[in-house]
Structures are given as C-alpha cells and as structure tokens.
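In my numbering, the protein residues as written are 1108 to 2352.
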C-alpha cells in the first residue's frame, strides 16, 4: 500500500508499527527503509494544521524514528540530519512531559532549580551534551560537557572517581578534533587512574588503549603503542566471548597490532592481527551494529600482511569477506556505500600488486556507486598509470577537487590531507602524460599542503615521499636545483619516519635514491651518488622475492651504478649495472607500464659500455633494446622522447662506423620525432634536435640540417624560461653551448646567409634576451591595449622581485591556496599575455626573435660584424649599409681558436697566481717574519712574477698577431679600412664575436711590434672599435638613445671608490680617480667610499644616477659566471644581483679587473659585468678584459674623462672615441707594456 494514499491516522499507525518491530523484535529494516523518512515528513505536514503543530503522540513517533535511525547509522550520518530532527521534536515534547524523551536526553531539558548543580544532574547533562556533540560536531556542546564533568568531579572524591572515565573520554574526543596535546595528556592521566581503580573494566581498558594509540601516532612512541596493545588485549581477556562488545575489542586489538607493525615491522604482529580480526568476525554475525568496523580491521590486517609478504591468499580472503559483507547488506541499508567502498579498496590494493585491470575497473564502479569521491579519484589515477588514459586523470582531478571542497565546506579540512595527496598524484600523472607544467606545479603545491595538513608522522611519510618524487619530476622539466634540494629533504624525512623493515620504506628509499642520483648529475657531489647506490641496494635487499616492485628496484640500482661509472670510470660499477638491468628486463612482465623504462636503461648502459670498449655487439644489443623501448608504451608519452633520442644516438654511432644508410634514415626519423614532441622536456627535445642536426650535417644534407638546427635553436629559450632561476637557466644552457653557431654554419652551407644571422642571433645571449623581453618598451601597446600593457607591467614587477624560497610545511602549517603566485605561475601568465598581444593588429611580432630586415638596419651607422665560429666553418657576417655579406675565414678553425684562447688565458692566469704568491710572501714578511727564508721566499716569488709577466707580453703579442692575420685584417680589408685615417673622422665599427673569440681582445688585434715609420697593421690604427654582446643589444641601445634626455644640468655621477677593501690588496690609484672626477664634475658627484660602499648602498644608488664610475676590485667566477662581480665593502655585487635591476643609465666606467671577462664555459651568453650593466640599461660601458694594475686603470680613466667631459657635463655618446683616443696615447709610451692598455673595451652604440 502506498503510504501517501492513506489517512494521517493510518499513516501514523504504519510508521508506529515499524518502530514497534524494532523495539520488540530488534528488526531495524522498517526504520532504516528509505521511504520512512518521507512518510514521517508527510505525517508531520498533514497533522500540523493548527498553530500548536502535530499532536504529541505523532511528534513522539516521528522523533523516535529519527532517534533510532541516528543510533543505528550515526557513523554514516555525517551531517547528523536524523539527530537534528529528533532533537527539535523532543525539545518541543520536553515542555509537555520529559517521559516522551530518551533517558540520555532528559538532562538537557531538566528545569532549573536548587539541585541543578547536583553531580548526578551535571553528569547526566554532560552525557547528553556529549551525545549531541557526537551527532553534530558542536564544539560548544563538547566544551560545556567537559566543564560540567569537571564540576561534577569536584563535588567530592566519590564523584571524581565516577566521572573521570567519562571526562577522559570527552577530552579524547576533543583532542581528535582540535589536536591539542594537553587534552590527550589529561585524558590519558584520567583514564589510567580509572583503569587503576577498575583494572578489569573492559570499557576503561579499551578507552585508555585508544588514547595511548592516539598519542603514539603523534609522538611515534613505541612504549605507548606497546601499552595500547597490552591494554586492549586485557579487554579481550576479561570480556566473555558471548558478550556483544567482545568482537569490538578483538577488532581494536587487530587494529593496534597493525599500527605496531607499521612502526616496528614485526611480521608476528600481523599474524596476531589477522587472527584477532578473524575471531572478531567469527563471534559477531551480520546484524552486529559494528560489523563494518570488524570488517575494516579484518581487511586492514590482511592487506598489510599481503603488502609485507606478497601472499595472494591474504588479499583474496579480504576481497571474499568484503564481497560477503556487501552481499549481506540490504539495498537500503545506510552502510551500503561503506560496504561498497571497503570492497573497492581491497580490489584496488590487489590491482596495485597484480595489475589485473578487472580489479581496478570493478573498484572504480564500486566507488562511483558508493559516492566515495576520495577513493574514486585515487582509483582513477591508479588505472591511468596502467592504461595511460588522460580522461581518467581529468576525472580524478575533478573528483578529488570536489571532495576537498566538500570537506572544507563541511568544516572538516583536517580530513582532506589524503585527498590532497591523491590530487597531487593525479596532477603529477597528467603532467607525465601531456607535459603541461601547470600540472606539475599543482602536484607540488597539493603535496606540500598534504604534508602540512597530516597530523601524524606516519601519515606524513607517504606524502613526503610523493612530494620528493614530484619535485624530482619537476626538476627534470624545469632544471631547478632548489627542487632537488627540497626533494632530498622530503625523501630523507620520509625514510627516517619508517622502521627499518617496514614495506613502505622500500619505496621511500627508492624515491630518495633517484633524487640523489639526479642531484649528483647536477652538482657532481660524490656523496650523493654513493648514498643513492646504498639506498637502492638496501631497497632491493629488503624487498621480498615476490615483490612486484623488484624489477623497478633493480633497474634503479643499475641506473645509479651506471651513473657512477660514467663519472668515475669504475668498470665493476658498469658490470654490476648491466647485471642488474638485465635481470630487471628479464623479470618485468610483458606489457607492464615500466617495461619500456627498463629496456631503455639497459640499452643506455650498453651504449655506455660501447663508448668504453668499442665492442660492436654491445652497440648492436643497445640498439635492439632501445628500439624495443620505443615500441612499448604509449606513442604520445613524454618519456618516449628520451627513448627515441637515445635510440637515435646509438644508431648514429653505428652509422658512423658501418655507414649503413638504413641506420642513418632510422636515426633521423626517431630524432626528428623526439624533437617535435611538445609534451617532452625541452632539454630532451633540444638534445634530439642537436643530434638530428649533426647527423644531417655529417651526411651533408644541409636543408635537413637547417630544419633540425631551427628546431634546436627555437627551443633554447625554454631553458631560460622566466619561471626559472638564473642559476638553473645558466646550468641548462651550458650543455648546448655552440648550438646557435653550428646552426648558423648549417644555414651558410645551405646558402642562406640571412637565416644564418637570424639563427646566430636567436640562439646566443638567451638569458639576456629574456631580460630584454621583460624590460621591453610598452608605450605603443599602451596606446592600443592599455589593459594588457598594465598587466605586463604588473607581471614584470613581480617577476623582477626576489624568488620566494620553497620549503616543506611543518605539521599543521599547510600552504594554502592564498599563497602568492610563484615564478612559474607568473611566467605562464606573462607568456599568455604576450600571446594575447600578438593577436592584435600591428603586434604580430611582439617580442619575437628579430628578423633579418630589422637586423640589417644596424649597419646604417657603421659596419657590424658578427664573427661566427663553429666546428663546421668560420665566417664574418657583415651588416653594412643595409646589406649583408659573408666573408669566409678559411684559415680559422674552432680548434685552433680555442688553443689561442687557452694560451692567452693561461698567460694571464699565471701572472695572477704569481702575484698572489708575492702578496702572501710580502704579508708574511710585513707581519714580523724577517728570516732569511722569508726574504728568500719573497724575492723568489717576485722573480717568478717578473718571468710570468714577460711571458704574458710575448703570448699577448703572438695572439694579437694571429687575430689580425686570420680575422681582423680580412674583415677590415673587405670593409675598405686599409689605412690609418688622416685629417678625417675616424670610422666606427662594432664587433659581435662568438664562441671562444668573445674571450680575446679582437679590438686590439695587430702587429704592434711593427716599426713606427711603416704602415700600421693594427685594428686601433684603422677604426674605432666597439663591442656588442648580441645584435639585439645594440639595437636596444640605439633605441634608448632616442629616449635620452640630453645633458641635464642636474645630472650627477655615482662614484664607488674602494681604495681599502677587506681581505684585498689596497688600490692606491683609486684616489686619482676621485681627484679626476671631482675636478671634472665639481659638485656633481655622489661618492660612496670604502666603508660607505656597501652592497645595499650601491644597489640603491644605481637607479638614481645615469652616470656611474666603479673604482674597485673585480673578479670573475669561471664555474659560476653569475657569481662574479665587483667587490664592495661588505660583499660582492654580482652579475646575478645586477640582472634584477632595470635602469635607464647612460654611462658606466668599470675601473675594475675582469669586468668584461666572459665565461669560457658559456662564451655565447656574455655573462660579464659589462654585459649585464649594458643589458639592464646602461647604453655605454667601458670595462676591462682581465686583471689590470690600478695605476694603468687610473691613467685610462683620466684620459677618457678628458675627452668626455666639457664644461662640467659628461657626453656619453663620445665614449667609444674617448676610449680609442686614450688607448692610442697610452700606446705611445714605449715603456708601457702592451698589457697595460689593450684590456679596455667599449660596449654600446
């Protein structure tokens, strides 16, 4: 009969009969049926026709229905809906007769009176409030209950004994919500005292056990956990087997034993846990109200033992039991969703180990049907790892995001840490499939939040290990060293949190080993690779013989050993690596997701051994395995690019030996495919494109070589992405030094000189090009799209700010969504905004690499010569009078040029080192050691210095003559500069050297020993030379000339003068610079001298002055050019520091050593102090190529300012001519060595 078609009286009777069935027969089906809620609501509506509401008996019936429903399903009623309805109706009935109410609620409605502070009433009211708080999570009710119990306990010792167990339980509940350690400590003290008074009270024993277990989770106390196990074991012993609570205590015992196993790793605990869980199920039928808890403990114990021992019977038993439980759960039962989820969890666990797709498919269906968003999202991510289905990952991310939002909305964000962890895993999985950097950034952020939100160390451990892995993956994409450092920290914490033989520790060790190996490849710290191998060995040794992860562990170990071999050359490492990698491939099931990884690692190691012994069978086998690796897995997986590149490299090596056309064709195919994979890491794609280009060049297939070169050069900018730190960009670009020059040579071979210029320009100075993009003039854009211009201005400001250091959150200090955006996010927003600008008419080429049309305009003010040096050919590309012409340099080879640069740099270094020895010997003598030994050491050092200085002059003369004969003279002849100008303005030209030529004084090339009365074969006798690090830098400097404000009468010069520098030799001639500038610019100097010239003072003073002069020590860091710079009073003002400035300066004179010295390791990036000041805004820069005597520097400065300053005003536009005039005058001094004047250079328009 339809409930809604009967009279209210009949409907009331029907609902009441369902209540009676529960009270008389214990049958809950009637009150739990879905239709009873609608029927009760309909009954209330149809009987509430008067203002007084429904009759009392009807209200009581409906109230009791909801009360019983809540009692039966309180764990599944998260919102406490049934409880709230019951409480509202009972509240109305309480004013009529409290006899209508359940006993535990009556104290809530007791009328106030003289006895309302009676301990019995206080205790009863507290119990009612506890009931209410448990149903509604009402924190105020819980706090009030605790205070009432305290008051009741204070009534006397008898009452104190009676209420302390309840007070302890209440405090334990509050601790579970607020995580206040004081609550838990007090609860344990109270419960322990209660147990002391009643040592055989099972309830008190169990409660104390739970409290101690909670403290053990937060403190990792083994003693607490041991005591928790003992106490709940006693509760089992003192409870008769037929007691309804007996299975609860057995179930709790199983849970505690699993907890102890997770800390101590004793398999015996797992065996006892499984036994206790089985006994709990055996002594409680399906009608037991806590059956679901018994099932949970049973599955947890079996799954833990399955993970530890790999015994499939355990997981099968868990699944069988959960199936039986699900089958016995009625269709309308409130615990049906939980039963579905429990079975799904067991199936997902089995899939994790056995990779049977039916298991994960069924699990996903169960989670979906149960509405379990958290488990569904995690399972979808699991399935995607095997299937590669991006749709699963999309759905997982959406599902888990909703689950987290729901928990935050419900006010329980503390429960979201597992969802955050799973969401991080889903984002990471999607990144590894499609390569969108947003996903890997989101993965790292979510995992950091999970670590911070997890309240217990053991909960944090897997999140830390996952964070370690995510950071390592992000490093592979972005090259951030900070990611590796944080990953090592996270991985180390994860490993430290786990007991020695805990099964999870194996995976944590493996993750940590991988990130240590990766960091070794960046820093070459031997300790990292040794630790990585030790951890890989420990992980493999700990894994059981049946562990499905053994092939992966072997492959990781083999990879680490091969890495150490590549660095140290220990043959035993390589042989051990190959043995491990072969076993990994042999034991990997066909079609397994990791099969391609293991095949690649083996192939790569064999290729490495071929490099050592040149045994062709190794190379043939390497090709075989690498080819198989490319044919396994998904065609669009980002890692496939790495496998293709390795295969192409191996085929290219074999082609070089055998000249088999098929090898060359296949190599070209796979390398071009890898280079074009948008989802792959940029460095991997460039590596493939570079190999593709080299192969094509070897075959003299120049059109293909140019296409490959264009691909490689076009990707270089990704290595210096705005989201990366400068040091990381520097490291990544170093690997591809020379690629742009080789690309230009390929274009010349293909008879495309214009394309050669474009490629040479696009692929050099990549870091500075990024800087110029960020500092671009937006005035035209402001007129057309002011909103976009404002957005770029704002992003420019944020990107110029110092990067925020990243760190692992402490417990309870999760980084939330309100954290300011990191550099990656800002850089993506910049790129998106730039793309929007390019959609506007007239802005199609906004911030794109310069085309030949704009570059040709540079030659209108004098020839600009780009000297391209590569292993393929060397040429001067001359831009003059709107035309481009190529002057081949057939007598120049890159190899010989590098040899000349090494001779030149070696002679300079010898003098520096000898000067340091002289200084040390002099300091020893001056400090009081005036022994004959000290005197001898000083005189010997001085003699050695003189010998090296003489050698330096000889080497310099030889190198300058070589530069003239091979490069300068052919170029000048081509330009018509064949004589010294007489009675006319000197011509100007700009040199744009590349490669090792950037280290040499091309502007001073010549035969300086020629007699004065003959023709002068030197550059300084033909032209006024300037340098430009890139063609774009010169173009930008000329554009800035249009913005110059002329010679403002209020312009001042900043003079940084360091005659006395801590831990450095005094510079006596600095006083001459001060005197010269004080005289030349009276009243217009801002002097920062010695102790006043601090890092902060100088950096803040630079933007306020358009003219600047540095007179101080300078140095270059060959290994880290960004760390070189100018030595101030407190620290060095580095190249990296200055790159953060944006300043429209006009002129800077760097009277400091090595201020124009480039890096031999990255010559095309122009990482010098002069270049950085030029790029950041100073149009004209005068600097020195090497260490100079301070008196020589002072002489040059005096002569330069004599030409530059007129009537107290500096004329920066004359800088090049002023320096040229000064150098000619200094050269006239026959006593002056050549090294005293040729180091000085001018950079600018």
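Glycine included, C-beta positions come from ideal geometry on N, C-alpha and C.
Let me know the secondary structure DSSP gives residue i once reduced to three states.
{"i": "residue 2205", "result": "helix"}
{"i": "residue 1539", "result": "helix"}
{"i": "residue 1882", "result": "coil"}
{"i": "residue 2083", "result": "coil"}
{"i": "residue 1990", "result": "strand"}
{"i": "residue 2282", "result": "helix"}
{"i": "residue 2095", "result": "strand"}
{"i": "residue 1670", "result": "helix"}
{"i": "residue 2112", "result": "coil"}
{"i": "residue 2216", "result": "strand"}
{"i": "residue 1742", "result": "coil"}
{"i": "residue 1353", "result": "helix"}
{"i": "residue 2341", "result": "helix"}
{"i": "residue 1950", "result": "coil"}
{"i": "residue 1440", "result": "coil"}
{"i": "residue 2196", "result": "strand"}
{"i": "residue 2386", "result": "One cannot answer for residue 2386 here, as it falls past the ends of the chain, which runs 1108 to 2352."}
{"i": "residue 1982", "result": "strand"}
Candidates the options: which alpha carbon is nearest residue i's?
{"i": "residue 1495", "options": "1479, 1529 and 1538", "result": "1538"}
{"i": "residue 2316", "options": "2191, 2272 and 2306", "result": "2191"}
{"i": "residue 2334", "options": "2326, 2344 and 2063", "result": "2344"}
{"i": "residue 1546", "options": "1501, 2098, 1275 and 1557", "result": "1501"}
{"i": "residue 2328", "options": "2305, 1368, 1982 and 2338", "result": "2305"}
{"i": "residue 1195", "options": "1166, 2053 and 1175", "result": "1166"}
{"i": "residue 1334", "options": "1559, 1295 and 1718", "result": "1295"}
{"i": "residue 1290", "options": "1310, 1304 and 1321", "result": "1321"}
With a 10 Å radius around its C-beta and 16 neighbouring C-beta atoms as the bar for buried, classify residue i as buried or exposed.
{"i": "residue 1875", "result": "buried"}
{"i": "residue 2121", "result": "exposed"}
{"i": "residue 1420", "result": "exposed"}
{"i": "residue 1760", "result": "buried"}
{"i": "residue 1626", "result": "buried"}
{"i": "residue 1087", "result": "With the chain covering 1108 to 2352 only, the question about residue 1087 has no answer from this structure."}
{"i": "residue 2021", "result": "buried"}
{"i": "residue 2039", "result": "exposed"}
{"i": "residue 2175", "result": "exposed"}
{"i": "residue 1307", "result": "exposed"}
{"i": "residue 2349", "result": "buried"}
{"i": "residue 1517", "result": "exposed"}
{"i": "residue 1190", "result": "buried"}
{"i": "residue 1464", "result": "exposed"}
{"i": "residue 1722", "result": "exposed"}
{"i": "residue 1652", "result": "exposed"}
{"i": "residue 1441", "result": "buried"}
{"i": "residue 1118", "result": "buried"}
Name the two residues that bound the continuous alpha helix (DSSP H) containing residue i.
{"i": "residue 2335", "result": "From DSSP, residue 2335 is part of no alpha helix (DSSP H); its letter is neither H nor E."}
{"i": "residue 1694", "result": "1678–1694"}
{"i": "residue 2349", "result": "Unbroken run through residue 2349 is the beta strand (DSSP E), 2347–2350; no alpha helix (DSSP H)."}
Between which two residues does the beta strand (DSSP E) holding residue i run?
{"i": "residue 1975", "result": "1971–1976"}
{"i": "residue 2162", "result": "2160–2164"}
{"i": "residue 2132", "result": "2131–2134"}
{"i": "residue 1328", "result": "Residue 1328 -> no beta strand (DSSP E), and no H or E assigned at all."}
Please check the pair residue i and residue j, which I expect to be a contact at CB under 8 Å, by giving their CB distance rounded to whole angstroms.
{"i": "residue 1980", "j": "residue 1855", "result": "7 Å"}
{"i": "residue 1372", "j": "residue 1329", "result": "With 8 Å as the limit, residue 1372 and residue 1329 do not qualify as a contact, their Cβ atoms being about 12 Å apart."}
{"i": "residue 1895", "j": "residue 1944", "result": "6 Å"}
{"i": "residue 2110", "j": "residue 2126", "result": "6 Å"}
{"i": "residue 1781", "j": "residue 1791", "result": "7 Å"}
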